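Undergrad:
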Amino acid sequence: MPFFGAHMSVAGGLPRAVERAVVHRCDALQIFAKNASQWRGRPIPPEEVTTFRKAVREAKLRAVVSHASYLINLATADRALRERSRDAMADELDRAEALGLRGVVLHPGCYTSGSPAEGLRLIAENLRSLLEERPHGRTMVLLEGTAGQGSSLGARFEELAEIIHRIDGHARVGICLDTCHLLAAGYDIVSAGGYEKTFADFGRIVGFDRLKAFHVNDSKKPLGSRVDRHEHIGDGHVGLEGFRRLVNDRRFATLPMLLETPKGEGKATGPIVCDPLDERNLATLRGMIAARTRRLPS
37 MPFFGAHMSV AGGLPRAVER AVVHRCDALQ IFAKNASQWR GRPIPPEEVT
87 TFRKAVREAK LRAVVSHASY LINLATADRA LRERSRDAMA DELDRAEALG
137 LRGVVLHPGC YTSGSPAEGL RLIAENLRSL LEERPHGRTM VLLEGTAGQG
187 SSLGARFEEL AEIIHRIDGH ARVGICLDTC HLLAAGYDIV SAGGYEKTFA
237 DFGRIVGFDR LKAFHVNDSK KPLGSRVDRH EHIGDGHVGL EGFRRLVNDR
287 RFATLPMLLE TPKGEGKATG PIVCDPLDER NLATLRGMIA ARTRRLPS
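Dropping the structure here:
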């Protein structure tokens, strides 16, 4: 079965995110390795790195990833912003490597005043150089498929495949698919036929070997809206049946499936307690697993 988890707050320190994952019985975890709305973060003290890595081992988490800052835009035609974005992504990769993370989830970027083709070229160019500068690194870049809002790139499988092609299929570049984004971008993952076509297309255009993680979020907005608004599992336009197909699809049985759904109130200090909304969403996903996972028809 897939291993379920959620994006957890690092309030109170990075190890607190692991504590939150344990309380929710997670097998996987996503964090921000620095403040996602700032260009630069505080250096992580060596003792915090050690404590975090030890906590991950003891929790037996099967996959831990970080999500890169929302400010990063490697596709922009603005040279100053692109260079600042590149520096920020370098920092994200170095933090993730120090923490022993499997990958850094990255929104590919927006072409703004340039063109889509130029934006894709710039993303690939910058990722290539970042990875070449870290030849012994193990952390992957996980390009996240987007909802297609504005001039954002990565909503179409062809765009994700083009980036990978332009960096000669670098082994440390993978894909993270978000169920809300897929639906918003126009991929039908609700009906049985639409679901099968969507993933047949992904396998043909990008390749399942590149798929390393899912963000499991329902969508407040309907198919093809190009609007990124996350909803609780089963309460949106993906619906329970869409998620039931996904979590029982044996093609994805070894992938982390991470919630990014709205949370309740949390505390940075004091005992870690279950977020009732995360608890509900995780219980919904776990409850969908069939007694014996089978491959869906293709």
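Numbering of the sequence shown is given in this note's numbering, commencing with residue 37 and proceeding in unit increments. Ideal Cβ placement from N, Cα and C applies to all residues, glycine included. Given the structure is predicted, the values throughout are model-derived calculations rather than measurements.
Measuring CB to CB, does C146 end up less than 8 Å from G186?
TA: In the sequence shown, the residue the question calls residue 146 occupies position 110. In the sequence shown, the residue the question calls residue 186 occupies position 150. Yes, Cβ-Cβ distance for C146 and G186 is below 8 Å.
Undergrad: Pick out whichever of A197, L294, D254 has its Cα sitting closest to the Cα of R246.
TA: Here residue 246 corresponds to residue number 210 of the sequence shown, with the count starting at 1. Ranking the options by Cα distance to R246, first place goes to A197.
Undergrad: According to the Cβ coordinates, are P258 and H273 closer than 8 Å?
TA: The residue you call residue 258 lines up with position 222 of the sequence shown. The residue you call residue 273 lines up with position 237 of the sequence shown. The answer is yes: Cβ separation under 8 Å.
Undergrad: Starting from V337, trace the beta strand (DSSP E) in both directions and tell me its first and last residue.
TA: Residue 337 lies beyond the range of the chain shown here (37 to 334); nothing can be said about it.
Undergrad: Look at the alpha carbon of E55 and the alpha carbon of R280, and state the distance between them as a whole number of angstroms.
TA: By 1-based counting over the sequence shown, the position of residue 55 is 19. By 1-based counting over the sequence shown, the position of residue 280 is 244. Going from the Cα of E55 to the Cα of R280 covers about 28 Å.
Undergrad: Quick one: residues in its chain with C-beta nearer than 7 Å to the C-beta of G300, no 5 flanking neighbours on either side, listed in chain order?
TA: For the purposes of this step, residue 300 is taken as the residue at position 264 of the sequence shown. Here the set comprises D311, P312, L313.
Undergrad: Can you grab the Cα-Cα spacing for the pair L167 / E119, in whole Å?
TA: Here residue 167 is taken as the residue at index 131 of the sequence shown, counted from 1. Here residue 119 is taken as the residue at index 83 of the sequence shown, counted from 1. Approximately 15 Å, taken between the alpha carbons.
Undergrad: Buried or exposed for R330, going by 16 or more other Cβ atoms inside 10 Å?
TA: Working through the sequence shown from its first residue, we reach residue 330 at position 294. With a pLDDT of only 44 at R330, under the threshold of 50, the placement of this residue in the model should not be trusted, and no figure is reported.
Undergrad: For E83, report the span of its alpha helix (DSSP H) as first-last.
TA: Position 47 of the sequence shown, counted from the start, is the residue given in the question as residue 83. Residues 82-95.
Undergrad: Does the beta-carbon of N71 have 16 or more other beta-carbons within 10 angstroms, so that it is buried, or is it exposed?
TA: Counted from its first residue, the sequence shown places residue 71 at position 35. N71 should be labelled exposed.
Undergrad: Cβ of I241 within 8 Å of Cβ of F193?
TA: Your numbering for residue 241 matches position 205 in the sequence shown. Your numbering for residue 193 matches position 157 in the sequence shown. Yes, the pair counts as a contact, with Cβ atoms nearer than the cut-off.
Undergrad: What does a CB cutoff of less than 6 Å around M176 pick up in its chain, not counting 5 residues either side in sequence?
TA: If you number the sequence shown from 1, residue 176 lands on position 140. G139, R208, G210.
Undergrad: Where does C212 fall in DSSP's three states?
TA: For the purposes of this step, residue 212 is identified with residue 176 of the sequence shown, where counting begins at 1. It is a strand residue.
Undergrad: Of all the options V252, D254, G49, I325, which has the alpha carbon lying nearest to the alpha carbon of R286?
TA: Taking the first residue of the sequence shown as position 1, residue 286 is located at position 250. For the residues V252, D254, G49, I325, the minimum Cα distance to R286 belongs to I325.
Undergrad: Grab me the residues of C216's own chain with a C-beta within less than 6 Å of its C-beta, minus the 5 sequence neighbours each way, in chain order.
TA: The sequence position of residue 216 within the sequence shown is 180, counting from 1. N253, S255, H266, listed in sequence order.
Undergrad: Does the distance from the C-beta atom of E180 to that of L156 stay below 8 Å?
TA: Stepping through the sequence shown from its first residue, residue 180 is reached at position 144. Stepping through the sequence shown from its first residue, residue 156 is reached at position 120. In this structure, L156 does not lie closer than 8 Å to E180 by Cβ.
Undergrad: Suppose contacts are defined by Cβ-Cβ distances below 8 Å. Is I199 in contact with A153 by that definition?
TA: One-based indexing of the sequence shown puts residue 199 at position 163. One-based indexing of the sequence shown puts residue 153 at position 117. In this structure, A153 does not lie closer than 8 Å to I199 by Cβ.
Undergrad: What did DSSP end up calling L259 once you bin it into helix, strand or coil?
TA: Locating residue 259 in the sequence shown gives position 223, where the first residue counts as 1. Coil, per DSSP.
Undergrad: What number of angstroms, rounded off, separates the C-alpha of R316 from the C-alpha of R76?
TA: Start at 1 with the first residue of the sequence shown, and residue 316 comes out as number 280. Start at 1 with the first residue of the sequence shown, and residue 76 comes out as number 40. Between R316 and R76, the C-alpha separation is close to 34 Å.
Undergrad: Enumerate in chain order the residues of its own chain whose CB-to-CB distance from H206 is below 8 Å, with the five nearest sequence positions on each side excluded.
TA: As a position in the sequence shown, residue 206 is number 170, starting the count at 1. So the qualifying residues of the chain are L163, R164, L167, I200.
Undergrad: Which term fits E128, buried or exposed, when burial requires 16 or more other beta carbons within 10 angstroms of its beta carbon?
TA: Here residue 128 corresponds to residue number 92 of the sequence shown, with the count starting at 1. So E128 ends up on the buried side.
Undergrad: Contact between the stretch 90-103 and the stretch 59-67 is defined here as three or more beta-carbon pairs at a separation below 8 Å; is this criterion met?
TA: Cβ pair count under 8 Å is three or more, so yes.
Undergrad: In angstroms, rounded to a whole number, what distance separates the CA positions of R328 and K248?
TA: Indexing the sequence shown from 1 puts residue 328 at position 292. Indexing the sequence shown from 1 puts residue 248 at position 212. Bear in mind that a pLDDT of 49 at R328, under 50, signals an unreliable position, so the model cannot answer this.
Undergrad: Buried or exposed for G190, going by 16 or more other Cβ atoms inside 10 Å?
TA: On the sequence shown, residue 190 is found 154 positions in, with the first residue counted as 1. That one is buried.
Undergrad: Give the secondary structure of I269 by DSSP, where H, G and I count as helix, E and B as strand, and everything else as coil.
TA: If you number the sequence shown from 1, residue 269 lands on position 233. It is coil, neither helix nor strand.
Undergrad: For D214 and A319, what's the separation of their Cα atoms in angstroms?
TA: Numbered from 1 along the sequence shown, position 178 holds the residue referred to as residue 214. Numbered from 1 along the sequence shown, position 283 holds the residue referred to as residue 319. One C-alpha to the other measures close to 19 Å.
Undergrad: Taking the alpha carbon of A42 as the point to measure from, which residue in H268, R93, P144 has its own alpha carbon closest?
TA: Within the sequence shown, numbered from 1, the residue matching residue 42 stands at position 6. Residue H268 is the option with its Cα nearest to A42.
Undergrad: Please go through the same chain and pick out, in chain order, the residues whose beta-carbon is closer than 7 Å to the beta-carbon of S261, but skip the five residues on each side of it.
TA: Within the sequence shown, the letter at position 225 stands for residue 261. The answer, listed in chain order, is A220.
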